Each structure stands twice: as structure tokens, then as C-alpha cells.
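Chains A and B, in that order, are what the protein sequence lines are. At position 135 of the first sequence (counting the first as 1) the number is 706 in this note's numbering, and the numbers step up by one without a gap. At position 102 of the second sequence (counting the first as 1) the number is 103 in this note's numbering, and the numbers step up by one without a gap. All remarks here apply to the structure that follows.
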Amino acid sequence: MPNLKDLRVRIDSVRSTQKITSAMKMVAAAKLRRAQEQTEAARPYSERMDRMLGSLSEGLPTGAGGPELLAGNGKDDVHLLVVMTSDRGLCGGFNSSIVRGALQIIRRLLDDGKEVRVLCVGRKGRDILRRDFRSLILDTFEDVGRKNLSFADATMVGDRVLEMFEAGEFDVCTIIYNRFQSAMTQIVTPQQLIPFQASDEAGAGAAANDDSSETAEDDSQKAAYEFEPDEQEILEDLLPRNLSVQLFRALLENAASEQGARMTAMDNATRNAGEMIDDLTITYNRTRQAFITKELIEIISGAEAL
Amino acid sequence: MADTVEFELVAPEELLFSEPVELVVVPGAEGDFGVLPGHSPLISTLRTGVIAVYENDSVNRRIFVSGGFAEVTPERCTVLADEAVALDAADRAAIEDRVKADREAVDKADEDNKENAAAALAVSEALLAALDTAGQA
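See below:
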């Protein structure tokens, strides 16, 4: 028969765990709201950037000859993966699903005979990836946006990527992050940054946000832009900038996803703890009752024996 | 034709300004240019400088930008700023601190970072200067 004191201790411990998880859930909910606001606020910039890039690249010759960031350097041998995870755990399947996605891509690329390099953003991804592909990991950015994610964080990562690209250390760059859909669902999304491919989501987002008539107007006007200084120079400025913008957006989405995943995970944990407390309480009450009954029987049978 | 042009100013982290204006003067890489309604389509890079928004033939607002891009169409002027500070709401003391911090960073920086630190200092000094001129105007 379980010991009453043990049960009491157990119930207390589950209860305090529940308090912690429910507090974490509330913190995550608050942070999620902030992250979502930030994502919203950053959206106009990347939309306008996309639009401008669209108008610019339209006038350019396609394929080779354009800037390397846009057209690629003609090779497809060395791939750089930027894997975005969180620095902290306790957020459900958030990190493991990104890593699973990343591993899939890494294996596929390796099977195809490509060379793969990995840049990690966030400690957790590095920790897991290190088990299988230690030699591929170049570097890890930790504590990115620990307090508040700023554009400078994205530029930091972006500069590093650019530096490596200019040094010819890789040919194709892909980022993997969790796209935020809702607090319950995050979608692991690989997105190719170099050579640049206009992301469909961005276009869809822009269309949904802007007036549809406005976008239609844009299309008709795209052709006749003047450029100051000239097209090439603007592109050379704009493309590295765009890289950082894309990274920034991914970081923001990732941050929101992390908080969403944590909120859901902690909500589940709180609920599970509640169930566990109920079960334990029933066991505790039964056991206590059984003890009382047993003691009564002992007393009665003792009295009868006299 | 509408007598205003839709002016949008966006920084990476937020949309700062989006309203119809009569005239806006933007510091383009090859000289300031004014945007009135019906301006011909233009894409330009920006240098560090001040965007002036005009209303009733006088400057209504001044916004400092550290560089970026501008896209102009007959109906709209979109500025993608690297960094933007509205000068009428700027905190002088904070900017002075920033200049000081940047100056120290330049002194401390090693060879590799010197260029970046110097660029940051140039931006914050320009911001301070812009604030002073705006104050006098």
C-alpha cells in the first residue's frame, strides 16, 4: 500500500511543477504577442523591398551577367545552410522539427555529392546537429535577439553570409526556419537566399495587405523607371540589404514560432500536471480511507476479543 | 489629378510614416530631389541626410535618414530607410550619448572593425548636426 506521506510529497511536487509551467505559458503568451507585433511592424519594409527588387530585376538581363547575389555564381557545388533554432529548450517539438528538416536536406545534398556547410543560429540546433554533422558546422550565433530582436542582429548574420559568399566559400545559401502560422502550428520552411528567389509568401502577403487595385497599378508602371545612380549600382546596394531583410523576417517568424510552440507545450504540460494531481489526489484519499477502515477493523476486532 | 503624393517611410523594424503630402524632398545619392504629384517613376539610393515634408509651402516635418532607397511613382513616394529618426521628436541627450559611444568605439576598434565603427560615427554625427540645423530653422 502506498505510503500516505509519499503521496502528499508527490502531489506537492506536481503542483509546484504545474505552477512553473503555467507561469511559463503566460510569459510565452506575452512574448508571443510582442513577437507578433514586431513581425507585423516589419512586414511593410520587406514588402516594399520585394516590390522595388521586382521593378529593378525586371529590367535586367536574366541568367548570367547579373549580380551574383541575384543570378548565382553559376555553380551549385557548395551549399550553405543557415539553421535557425532557439537558444532555450522547453518549447515542444520546435527545435527538433527544424533540425529534422535540416538533416533531411543535409542528407539529400550529401547524397547528391554536394558539399554542405552549416551556420547555426541558436544553441539548441547546434547541440543536436553536432551529434551527426559536427564537421559541417562552421559557426553558431548565440543569444540572437535575446532581449529584443533588432535589425542589427539580422545584419550581423547577413554580413557573415555575404563575407563568405564574396570569398567564394559557398555557391547556394538556404535558410531553414519555422514559419509562424498559429500558436499551435509552425511550418518548417527552407528558403533559398542566394541566388535570390522571390518568395511566394511575401508576394501573397503583399497582395493581401495592399489594396488589390494598388498592386494592379504597380504592374502597369513597372516598365519605365529612371535610376539614380544606375541600375547596377542600386542593385549592388539593394541585394545585400535584401539578404538582411529576408534574414530579419525569418528571425522574427522564428521568434514568434518559438514562443508559440512554447506556449502550446506549456499549456499541455499544465493540463497534464492537473490530470496527474487529480489522479494522485484520488489515490491519496482512497489510501487514507483504507487506512482508517483498517484501523477501525483492528479496534473493533480487538474489542470483540475481550 | 490629385494634389498630394502618398509618402511612405519605412524602416526595417516599422512603418514610420504613411500619409498624403504636398511635397517631399528626399536626399538622393546624386542630389536632393523633390517629389510632387505626378513625378516620373524613379528609383534612387539615398545618402545620409534629412527628408523634408512640406505642407502649405513650408517644411512641416524633418526626418533624418542614414541612407536607404527611394522608389517614386506618379502617385507615391516610398522610402526604405536604413535608419530613420524624426527630428521633432528626437532626444538630443540620447543622440549626444550615441555620438560619444560611437567615438569610443572608433578609438577601441581594431583594423577590421575600424571602417564600420567610423561609418557608425559618421551617421551619428550627421544626425546630431541635422538636429542642430533643424533646431535653428
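For glycine and all other residues, C-beta sits at the position ideal for the given N, C-alpha and C. Values in this document were obtained by computation on a predicted structure and should not be read as measured data.
Rounded to a whole number of angstroms, what is the C-alpha to C-alpha distance between residue i and residue j?
i: B:Val66; j: B:Ile96; result: 14 Å
i: B:Lys115; j: B:Val107; result: 6 Å
i: A:Val881; j: A:Leu709; result: Residue 881 of chain A falls outside the range modelled here, since chain A spans only 572 to 877, and no answer is possible.
i: B:Leu81; j: A:Asp850; result: 59 Å
i: B:Val6; j: B:Leu88; result: 22 Å
i: A:Pro638; j: A:Thr592; result: 50 Å
i: B:Ala110; j: A:Glu846; result: 58 Å
i: A:Gln878; j: A:Leu640; result: Examination of residue 878 of chain A is not possible in this model, given that chain A is present from 572 through 877 alone.
i: A:Asn843; j: A:Glu608; result: 30 Å
i: A:Ile868; j: A:Ser584; result: 33 Å
i: B:Thr46; j: A:Gly663; result: 44 Å
i: A:Ala840; j: A:Arg694; result: 23 Å
i: A:Gly643; j: A:Gln817; result: 17 Å
i: B:Ser59; j: B:Glu23; result: 10 Å
i: A:Phe722; j: A:Pro573; result: 57 Å
i: A:Ala599; j: A:Ser753; result: 14 Å
i: A:Thr835; j: A:Met755; result: 6 Å
i: A:Ala601; j: A:Glu611; result: 16 Å
i: B:Ala123; j: A:Asp682; result: 49 Å
i: A:Leu624; j: A:Met597; result: 40 Å
i: A:Ile645; j: A:Leu809; result: For the sequence presented, residue 645 of chain A should be read as Gly rather than Ile. Answer to the nearest angstrom: the Cα atoms are 21 Å apart.
i: A:Arg604; j: A:Pro615; result: 18 Å
i: A:Leu720; j: A:Ala832; result: 18 Å
i: B:Gly39; j: A:Ile805; result: 23 Å
i: A:Arg579; j: B:Asp92; result: 58 Å
i: A:Leu822; j: B:Ala94; result: 32 Å
i: A:Glu866; j: A:Arg659; result: 52 Å
I need the boundaries of the alpha helix (DSSP H) containing residue i, first residue and last residue.
i: B:Gly32; result: Counting along the chain, B:Gly32 falls outside any alpha helix (DSSP H), though it belongs to the beta strand (DSSP E) covering Gly32 to Val36.
i: B:Glu23; result: Neither: B:Glu23 is in no alpha helix (DSSP H) and is coded neither H nor E.
i: A:Thr858; result: Glu802 to Ala876
i: A:Arg694; result: Arg694 to Phe704
i: B:Ala105; result: The sequence shown places Glu at residue 105 of chain B, rather than the Ala named in the question. Arg93 to Lys109 is the span of the alpha helix (DSSP H), which, as asked, contains B:Glu105.
i: A:Leu640; result: Glu639 to Ala642
Can residue i and residue j be called in contact, C-beta distance under 8 Å?
i: B:Ala127; j: B:Asp103; result: no
i: B:Ile140; j: A:Phe798; result: This structure leaves residue 140 of chain B out entirely; chain B is present only between 2 and 138.
i: A:Tyr748; j: A:Asn666; result: no
i: B:Val100; j: B:Leu129; result: yes
i: A:Arg820; j: A:Ser617; result: yes
i: B:Val26; j: B:Cys78; result: no
i: A:Leu814; j: A:Gly684; result: no
i: B:Ala71; j: A:Pro800; result: no
i: A:Ala673; j: A:Leu707; result: no
i: A:Met595; j: A:Met837; result: yes
i: A:Val759; j: A:Ser668; result: yes
i: A:Asp724; j: A:Val715; result: yes
i: A:Pro761; j: A:Ile676; result: yes
i: A:Phe712; j: A:Val692; result: yes
Between which two residues does the beta strand (DSSP E) carrying residue i extend?
i: A:Gln762; result: Gln757 to Ile765
i: A:Glu797; result: Glu797 to Glu799
i: A:Glu740; result: Unbroken run through A:Glu740: none, as it is neither H nor E.
i: B:Asn61; result: Ser59 to Val66
i: B:Thr79; result: Arg77 to Ala82
i: A:Ser667; result: Segment Phe665 to Asp682 is the alpha helix (DSSP H) holding A:Ser667; no beta strand (DSSP E) there.
i: B:Leu47; result: Leu43 to Leu47
i: B:Ala85; result: Ala85 to Ala87
i: A:Asp710; result: Ile708 to Phe712
i: A:Leu720; result: Neither: A:Leu720 is in no beta strand (DSSP E) and is coded neither H nor E.
i: B:Ala53; result: Gly50 to Glu56
Closest Cβ-Cβ distance between residue i and chain E: below 8 Å?
i: B:Ser125; result: Within the model displayed, chain E is absent; protein chains A and B are what it includes.
In its own chain, which residues sit with a C-beta less than 6 Å from the C-beta of residue i, not counting the 5 before and 5 after it?
i: B:Ile64; result: Ile52, Ala85 and Ala87
i: B:Leu17; result: Leu10 and Ala85
i: B:Ala119; result: Val107
i: A:Ala606; result: Ala826, Ala827 and Gln830
i: A:His650; result: Leu680, Lys685, Val687 and Val743
Who are the Cβ neighbours of residue i in its own chain at under 7 Å, not counting the five residues just before and after it?
i: A:Ile582; result: Ile848, Leu851, Thr852 and Tyr855
i: A:Asp790; result: Interpretation of A:Asp790 is limited by its pLDDT of 45, a score under 50 that renders its predicted location unreliable; the figure taken from the coordinates is listed afterwards. Counting only Cβ-Cβ distances below 7 Å, and skipping sequence neighbours, we find nothing.
i: B:Thr74; result: Pro42
i: B:Ala12; result: Ala82, Glu84 and Ala85
i: B:Gly68; result: Leu47, Arg48, Thr49 and Asp83
i: A:Ser628; result: Leu641
Apart from the five residues just before and just after residue i, which ones in its own chain have a Cβ nearer than 8 Å to its Cβ?
i: B:Asp33; result: Val26, Val27 and Gly50
i: A:Met620; result: Leu809, Arg812, Asn813 and Val816
i: A:Arg701; result: Ile708
Near-chain B residues of the region 808-828 of chain A (beta-carbon distance less than 7 Å), N- to C-terminal order:
Asp808, Leu809, Val816 and Phe819
Near-chain A residues of the region 27-56 of chain B (beta-carbon distance less than 7 Å), N- to C-terminal order:
Gly29, Ala30, Glu31, Ser41, Pro42, Leu43, Ile44, Ser45 and Thr46
Give, in chain order, every residue of the region 55-73 of chain B whose Cβ lies closer than 7 Å to some Cβ of chain A.
Phe70 and Glu72
Contact set between the region 78-103 of chain B and chain A, restricted to residues whose Cβ is under 7 Å from the partner
Thr79 and Leu81
Using Cβ-Cβ distances below 9 Å, what residues of the region 794-805 of chain A are close to chain B?
Ala794, Ala795, Tyr796, Glu797, Phe798, Glu799, Pro800, Glu802, Glu804 and Ile805
Note down, in chain order, all residues in the region 5-16 of chain B with a beta-carbon under 9 Å from any beta-carbon belonging to chain A.
Glu9, Val11, Ala12, Pro13, Glu14, Glu15 and Leu16
Could you list the residues in the region 593-609 of chain A with a C-beta less than 8 Å from some C-beta on chain B, going in chain order?
Gln609
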